[in-house]
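*Asks:* What follows is a single structure, and I will ask about it in a moment.
Numbering (my numbering), first residue to last: 1324 to 1923.
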């Protein structure tokens, strides 16, 4: 059954509490969330009314222990989707500040929880009863950690009786009230808690609603971790905001069985789903190995992709493989965003093909995006759309702090109502990142991302901190990584980290590469090393200094699957990389490629 009404504009909601109450009254008996922990079997559903009641029960429990604006850590297993959504919105309804966290999988994860409790100064932890007991037992086994959570309330969401909802006391909050902390991905450093208000989230939800062209009654599928900004804002809050019904899968299910993602879209006739680039690659690999049966993707209208570099070859390969199953290329929706802006910064138009721009790779190395049709020089970049509503993006020269003209690469700066308040208890970093000015104009957020504008379209070229410079030429790691992983069939797609270190008086290129699990026993390392060196040398005119071949899954990654290049670099320098095979160029040996470049 489709909903009969469309959503009012965001400006009619005073807060996320108001949103929950209004949507529960409007769509009380319609299914909001469906939970499929293993990606195949539906274990639970929540209607809008049931969801609101469950959230009120959690809120009432929290109100017995907390005062408004206390921080509450939410730590849930990947499969505990219903407990997570009730816990998160329970915090909002109690006017507590929700702080989500990765679920623990080993002893180090326990330390991560303790760090986040301390960093956020959390007064309570929401878990499932099973996870709570497991964490407590691990703490008891470690004398160094005992007493670390004294004074913190442990609350098991699945033990809270439904009758508690009747004890909920309404709270008074508005668009300026802090709603939750979203920790940044940690791609280029330690995660920082971004402070987001109810107004930030409502504004960004309206942008997603308009840019995705959502209509009440449509269906979505999400597999991203719910503590991640894309999973939380796009997969949990947007369905509530837009009047949708969404199926929530565990991210573990996607990794183990990539086909379950597309099968869920097909089975539920979903219109919206997506994720980072690597998810589409996984789906392609799965389909090649085992061609799907009875798959119908014709309902899929918005296949969003973001959170990491969007590779044109992935879009092409996915389209080629799944067009016979009803997938439409114009469903692809490249977009760009980050935790500091709640989620979405730019996106295109629904049902319009992605914009691809072929630029001269050599000129791009000089920060100029010049179009070319020469196949020997081309670097194809995927457009990430434009801003919406009153949001604004400018491209700024990070050295001169002046605005770049169209086609000139600079740092992406942003301002708009979705921009968070700053970093929790980090005033210096907040000022540096959130208080940037071009002359007297500002403040803007310095995103740390490099890109350029062509008309209204924004193109992202890489991270400022990841940019490598060899003999005066700029090189973006994602392009080198793409070259490496495609040069030999034994190398894992989305399993590469390229970074620079200083050795023998020069900046030198290091490649750390995961190999396919099926290739480990018959690994031919010398052949792979030769292929990597030849491919990188030919396409980028760089001499590779060292290569480490590692097991699949060994690269450090963020919660959304992005490779943490800086952490990988730190591990490499500390000797913490455990290679299956490693190779290094003699630092005193001559380099034909370097000699050639020095002569130019």
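For every residue, glycine included, the Cβ atom is placed at its ideal position computed from N, Cα and C.
Taking the straight line between their C-alpha atoms, what separation do you get for residue 1588 and residue 1467?
*Replies:* Cα to Cα, the separation comes out at about 47 Å.
*Asks:* Taking the alpha-carbon of residue 1361 as reference, which of 1403, 1338 and 1907 has the nearest alpha-carbon?
*Replies:* Among 1403, 1338 and 1907, the Cα nearest to that of residue 1361 is on 1403.
*Asks:* Quick one: Cα of residue 1622 to Cα of residue 1733, how far?
*Replies:* Rounded to the nearest angstrom, the two C-alpha atoms are 38 Å apart.
*Asks:* Can you look up residue 1394 in the DSSP assignment and give me helix, strand or coil?
*Replies:* Strand.
*Asks:* Cβ of residue 1855 within 8 Å of Cβ of residue 1891?
*Replies:* For residue 1855 and residue 1891, no; Cβs fall outside 8 Å.
*Asks:* Checking contacts by CB at 8 Å: is residue 1439 closer than that to chain B?
*Replies:* The question asks about chain B, but that chain is absent: this structure has only one protein chain.
*Asks:* Let me make sure I understand the geometry here. Which of 1482, 1840 and 1871 has the alpha-carbon closest to that of residue 1822?
*Replies:* Selected option, being the one with the closest Cα: 1871.
*Asks:* What does the alpha-carbon distance come out to for the pair residue 1462 and residue 1617?
*Replies:* Approximately 48 Å between the Cα atoms of the pair.
*Asks:* Per DSSP, residue 1424 forms a beta bridge with which residues?
*Replies:* Looking at the DSSP assignment, residue 1424 forms a beta bridge with 1398.
*Asks:* What do you get for residue 1896, buried or exposed, if any count of 16 or more other CB atoms within 10 angstroms of its CB means buried?
*Replies:* Exposed, by the Cβ-count rule.
*Asks:* Shorter than 7 Å, the distance from the beta carbon of residue 1643 to the closest heavy atom of the ligand GTP, or not?
*Replies:* As presented, the structure is devoid of all ligands, the ligand GTP included, so that no description of it is given.
*Asks:* Between 1757, 1709, 1762 and 1799, which has its C-alpha nearest residue 1780's C-alpha?
*Replies:* If we check each option's Cα against that of residue 1780, 1709 comes out closest.
*Asks:* What does the alpha-carbon distance come out to for the pair residue 1272 and residue 1483?
*Replies:* Absent from the structure is residue 1272, since the part of the chain shown begins at 1324 and ends at 1923.
*Asks:* Please state whether DSSP places residue 1645 in a helix, a strand or coil.
*Replies:* In this structure, residue 1645 counts as helix in the three-state DSSP scheme.
*Asks:* Compute the Euclidean distance between the alpha carbons of residue 1942 and residue 1602, then round it to the nearest angstrom.
*Replies:* Examination of residue 1942 is not possible in this model, given that the chain is present from 1324 through 1923 alone.
*Asks:* Return the CA-CA distance between residue 1668 and residue 1519, expressed in angstroms with no decimal places.
*Replies:* Computed Cα separation, rounded: 15 Å.
*Asks:* Quick one: residues in its chain with C-beta nearer than 7 Å to the C-beta of residue 1842, no 5 flanking neighbours on either side, listed in chain order?
*Replies:* For residue 1842, where only same-chain residues beyond five positions count, the Cβ hits under 7 Å are 1813.
*Asks:* Restricting to runs no shorter than 3 residues, where is the beta strand (DSSP E) found entirely within the segment 1700 to 1761?
*Replies:* Listed in chain order, they are 1701 to 1705, 1715 to 1719, 1733 to 1738 and 1759 to 1761.
*Asks:* Assess, as a yes-or-no matter, whether the segment 1414 to 1423 is touched by the segment 1378 to 1398 under the definition of 3 or more beta carbon pairs within less than 8 Å.
*Replies:* Short answer: they touch.
*Asks:* Is it right to say residue 1534 is buried, meaning 16 or more other beta carbons lie within 10 angstroms of its own, or is it exposed?
*Replies:* So residue 1534 ends up on the buried side.
*Asks:* Short check: CB of residue 1719 to CB of residue 1726, under 8 Å?
*Replies:* Going by C-beta atoms, residue 1719 is nearer than 8 Å to residue 1726.
*Asks:* Residue 1666 and residue 1553 - do their beta-carbons sit closer together than 8 Å?
*Replies:* Yes, the Cβ-Cβ distance between residue 1553 and residue 1666 is below 8 Å.
*Asks:* Leaving out five residues before and five after residue 1367 in sequence, what residues of the same chain have Cβ atoms less than 6 Å from its Cβ?
*Replies:* Cβ within range, chain order: 1358 and 1405.
*Asks:* How long is the line joining the alpha carbons of residue 1436 and residue 1449, rounded to whole angstroms?
*Replies:* Taking the straight line joining both Cα atoms gives about 12 Å.
*Asks:* Per the contact definition of three or more C-beta pairs closer than 8 Å, is the segment 1632 to 1647 in contact with the segment 1844 to 1854?
*Replies:* These segments do not touch.
*Asks:* State buried or exposed for residue 1390, treating a residue as buried only when at least 16 other CB atoms are found within 10 Å of its CB.
*Replies:* With fewer than 16 other Cβ atoms within 10 Å, it is exposed.
*Asks:* Among residues of its own chain, excluding the 5 on either side of residue 1721, which ones have a beta-carbon nearer than 6 Å to its beta-carbon?
*Replies:* The answer, listed in chain order, is 1734.
*Asks:* Assign residue 1474 to buried or exposed, taking buried as 16 or more other Cβ atoms, counted over all protein chains shown, within 10 Å of its Cβ.
*Replies:* Exposed is the call here.
*Asks:* Helix, strand or coil for residue 1594 per DSSP?
*Replies:* The answer is coil: DSSP assigns residue 1594 none of H, G, I, E or B.
*Asks:* Please report the residue range of the alpha helix (DSSP H) in which residue 1341 lies.
*Replies:* From DSSP, the alpha helix (DSSP H) with residue 1341 extends over 1339 to 1349.
*Asks:* What residue does the alpha helix (DSSP H) around residue 1529 start on, and which one ends it?
*Replies:* That run of the alpha helix (DSSP H) goes 1521 to 1534.
*Asks:* Helix, strand or coil for residue 1414? Go by DSSP, reduced to three states.
*Replies:* Correct three-state label for residue 1414: helix.
*Asks:* Decide yes or no for the touch test of the segment 1593 to 1612 against the segment 1371 to 1383: beta carbon pairs closer than 8 Å, at least 3 of them.
*Replies:* With the cut-off at 8 Å, the segment 1593 to 1612 and the segment 1371 to 1383 do not touch.
*Asks:* Where DSSP assigns a beta bridge to residue 1799, which residues make up the other side?
*Replies:* For residue 1799, which the question treats as bridged, DSSP gives no partner whatsoever.
*Asks:* Entirely within the segment 1623 to 1668 and at least 4 residues each: give me those alpha helix (DSSP H) ranges in chain order.
*Replies:* Correct list: 1635 to 1645.
*Asks:* Pull up the distance between the alpha-carbon of residue 1801 and that of residue 1834, whole angstroms please.
*Replies:* In a straight line, the C-alpha of residue 1801 is about 12 Å away from that of residue 1834.
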